[in-house]
Amino acid sequence: MSGHGPAIPMQSKPSGPLTGEAHVPGDKSISHRSLILGAMALGETRVTGLLEGQDVLDTGAAMRAFGAEVWKDGETWVIRGVGVGGFAEPDQVIDCGNSGTGVRLIMGAMATSPIAATFTGDASLNGRPMARVTDPLALFGARAFGRSGGRLPMTIQGAEMPVPVRYATPVPSAQVKSAVLLAGLNAPGETVVIEREATRDHSERMLAGFGAKVLSEDTAEGRVITLTGQPELAPQTIAVPRDPSSAAFPVCAALITEGSDVLVPNIGLNPTRAGLFTTLREMGADLTYENEREEGGEPVADLRARFSPDLQGIEVPPERAASMIDEYPVLSAVAAYARGKTHMPGVKELRVKESDRIDAMAEGLRANGIEVAEGEDWWTVTGRGFGDVTGGARVASRLDHRIAMSFLVFGLAARDGITVDDGGPIATSFPVFEPLMQGLGAAIWRAEG
Ligand code: S3P
Numbered sequence: 002m003s004g005h006g007p008a009i010p011m012q013s014k015p016s017g018p019l020t021g022e023a024h025v026p027g028d029k030s031i032s033h034r035s036l037i038l039g040a041m042a043l044g045e046t047r048v049t050g051l052l053e054g055q056d057v058l059d060t061g062a063a064m065r066a067f068g069a070e071v072w073k074d075g076e077t078w079v080i081r082g083v084g085v086g087g088f089a090e091p092d093q094v095i096d097c098g099n100s101g102t103g104v105r106l107i108m109g110a111m112a113t114s115p116i117a118a119t120f121t122g123d124a125s126l127n128g129r130p131m132a133r134v135t136d137p138l139a140l141f142g143a144r145a146f147g148r149s150g151g152r153l154p155m156t157i158q159g160a161e162m163p164v165p166v167r168y169a170t171p172v173p174s175a176q177v178k179s180a181v182l183l184a185g186l187n188a189p190g191e192t193v194v195i196e197r198e199a200t201r202d203h204s205e206r207m208l209a210g211f212g213a214k215v216l217s218e219d220t221a222e223g224r225v226i227t228l229t230g231q232p233e234l235a236p237q238t239i240a241v242p243r244d245p246s247s248a249a250f251p252v253c254a255a256l257i258t259e260g261s262d263v264l265v266p267n268i269g270l271n272p273t274r275a276g277l278f279t280t281l282r283e284m285g286a287d288l289t290y291e292n293e294r295e296e297g298g299e300p301v302a303d304l305r306a307r308f309s310p311d312l313q314g315i316e317v318p319p320e321r322a323a324s325m326i327d328e329y330p331v332l333s334a335v336a337a338y339a340r341g342k343t344h345m346p347g348v349k350e351l352r353v354k355e356s357d358r359i360d361a362m363a364e365g366l367r368a369n370g371i372e373v374a375e376g377e378d379w380w381t382v383t384g385r386g387f388g389d390v391t392g393g394a395r396v397a398s399r400l401d402h403r404i405a406m407s408f409l410v411f412g413l414a415a416r417d418g419i420t421v422d423d424g425g426p427i428a429t430s431f432p433v434f435e436p437l438m439q440g441l442g443a444a445i446w447r448a449e450g
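Just add 1 to the spot in the sequence shown (first one is 1) and you have my numbering.
In structure tokens:
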């Protein structure tokens, strides 16, 4: 859905210790892919633990518009797919709301079928670059008609006679890689994606799970992924693991709140996603992995986070960026309470997320008394340590869920707390954020005006 209702101002302030268990929702990336691949399989895919955030619900609605059936049976989501090449032409505009993942993956999935579809989203999504996806889709034979700068609203005319593609992604992006692989499903022969830096590999793992032939090889050029086109995808039963990107918020809140001890069970620790936790441990966080195990081919653990009074600023290696790209905002909130500088290079992609996340965090942190320096592809937060952060200023969430949640976490250790102008976007990825954090004892609530 484009936009949401009236702004929901929210506040947070220091509370007593955070304790208990935080059961965070299902992984957003895997939830989108479950719906899209389910729609491209022939038969009924059943999914438990699906994230019921607005981004994912919008992808579900889009899959219905392309002809799949999607419904909920008790706690299980069921997708009756139409098979590779089976998409119908939607008779309405596809509204992907706030979701870059949704729109980019769906564009890829439909680009090699002889149908047209028009995509739109909210003000955030309609400002984001789509050429990174439409450029490789053009190589398959698809055509894109969008606004200036390759922005939505945009119509994609799918290829009548798709050809397979060999494409080296110019930016480290799992969304671009996934769009190309999904388009490759309905092209004959082998589609190859080469990525210099490995990004999250859920598409590769799930395509293989649905029965496609996908080969990943690490070579001197980078990671080379080869997909054999026109497979028959078999419906699957999927248990979506809990989202490490959502786990980041209760974990970080516990690290900066005196006396806290929080358990965040069942978190997927796929190495392409777990960079934040490594970084926090390097900063001196009391963060441990308990009950480490494998589930559905993915490493999983229960995370235990305790108050960590001696955090130190560090240099975050740029090669780690892809594995924690969505976590830099909340890392910057924690870095404000560390001693010394946390330098975060190699993060240009942060400027084209739901908001310009470097600019959004830098502005709000500075307003709350924290020194931030920035360049096009780096930023540095100078921490003040505990007890010396005043806070108290109102900040803008800029239609960006992770900016809203990161500032609410920041406010938990700032003397005068914080006010976020609009917590509404949180519902895109973490609809139970507020009750979950309150259940741990966090002073986070909806404010007046
Ligand atoms: C995602 C990939 C990332 C990430 C986004 C989800 C995905 O974007 O920021 O939240 O599910 O593929 P990029 O691939 O554009 O970096």
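Where a beta carbon is used, it is the ideal one built from N, C-alpha and C, also for glycine.
Quantities reported herein were computed from a predicted structural model and do not represent experimental measurements.
- Across the set Met207, Ser149, Gly159, Gly212, the C-alpha of Gly159 shows the shortest separation from the C-alpha of alanine 188.
- Boundaries of the beta strand (DSSP E) harbouring tyrosine 290: 287-296, taken from the DSSP string.
- Counting only runs of at least 3 residues, the region 191-260 fully encloses the following beta strand (DSSP E) elements, listed from N- to C-terminal order: 191-196, 215-220, 223-229, 238-240.
- Counting only the Cα atoms, alanine 139 lies some 10 angstroms from valine 164.
- The nearest non-hydrogen atom of ligand 1 is 8 angstroms or more from the C-beta of leucine 153.
- Setting aside the 5 residues that flank it on each side, alanine 361 is surrounded in the same chain by Arg399, Ile404, each with a C-beta closer than 6 angstroms to its C-beta; the list follows chain order.
- Here DSSP, grouped into helix, strand and coil, assigns arginine 399 to coil.
- Annotation note: the region 51-96 contains the following uninterrupted beta strand (DSSP E) runs of length 3 or greater, listed N- to C-terminal: 70-74, 77-83.
- In the structure shown, asparagine 127 falls within a helical segment according to DSSP collapsed to helix, strand and coil.
- Ile107 is the residue among Asn267, Ile107, Trp380 whose C-alpha sits nearest the C-alpha of arginine 65.
- Rounded to the nearest whole angstrom, the CA to CA distance from arginine 282 to glycine 147 is 44 angstroms.
- At least one heavy atom of ligand 1 lies closer than 8 angstroms to the C-beta of alanine 175.
- For tyrosine 329, the enclosing alpha helix (DSSP H) has its first and last residue at 329-336.
- Annotation: glycine 142 to methionine 131 spans about 16 angstroms, alpha carbon to alpha carbon.
- When the Cα atoms are used, glycine 386 and alanine 337 turn out to be separated by approximately 7 angstroms.
- Inter-residue distance for alanine 363 and threonine 383 is about 11 angstroms (C-alpha atoms, whole angstroms).
- Going by beta carbons, threonine 46 and threonine 238 fall inside the 9 angstroms limit.
- The C-alpha of methionine 162 is placed about 45 angstroms away from the C-alpha of glycine 424.
- Remark: the shortest separation between the CB of leucine 51 and any heavy atom of ligand 1 does not fall under 8 angstroms.
- In the displayed model, phenylalanine 431 falls within coil according to three-state DSSP, outside both helix and strand.
- Counting every other CB atom within 10 Å of its CB across the protein chains shown gives lysine 354 a total of 16 or more, marking it as buried.
- Between isoleucine 268 and serine 32, the alpha-carbon positions lie close to 15 angstroms from each other.
- With three or more CB-CB distances shorter than 8 angstroms, the region 338-350 counts as touching the region 300-316.
- When DSSP states are grouped into helix, strand and coil, lysine 349 belongs to the helix group.
- When DSSP states are grouped into helix, strand and coil, isoleucine 107 belongs to the helix group.
- Nearest neighbour of asparagine 369 by Cα position, chosen from Arg358, Glu350, Ala397, Glu377, turns out to be Ala397.
- Excluding its 5 nearest sequence neighbours in each direction, glutamate 76 has C-beta neighbours in its own chain below 8 angstroms: Thr49, listed in chain order.
- Ligand 1 never approaches leucine 38 closely enough for any of its heavy atoms to be under 8 angstroms from the residue's Cβ.
- Beyond the five residues adjoining it in sequence on each side, alanine 175 comes within less than 6 angstroms, by CB distance, of Thr200, Arg201 in the same chain, given in chain order.
- CA-to-CA, the gap between glutamate 449 and aspartate 389 works out to about 27 angstroms.
- Boundaries of the alpha helix (DSSP H) around methionine 41: 29-41.
- Here the C-alpha atom of phenylalanine 211 lies approximately 8 angstroms from the C-alpha atom of leucine 38.
- Each of Pro245, Thr229, Gly297, Pro300 was checked against the Cα of valine 331, and the nearest Cα belongs to Pro245.
- For threonine 121, the enclosing beta strand (DSSP E) stretches over residues 117-121.
- For alanine 323, the Cβ falls inside the 8 angstroms cut-off from some heavy atom of ligand 1.
- Contact holds between the region 177-186 and the region 107-119, because three or more Cβ pairs, one in each stretch, are under 8 angstroms apart.
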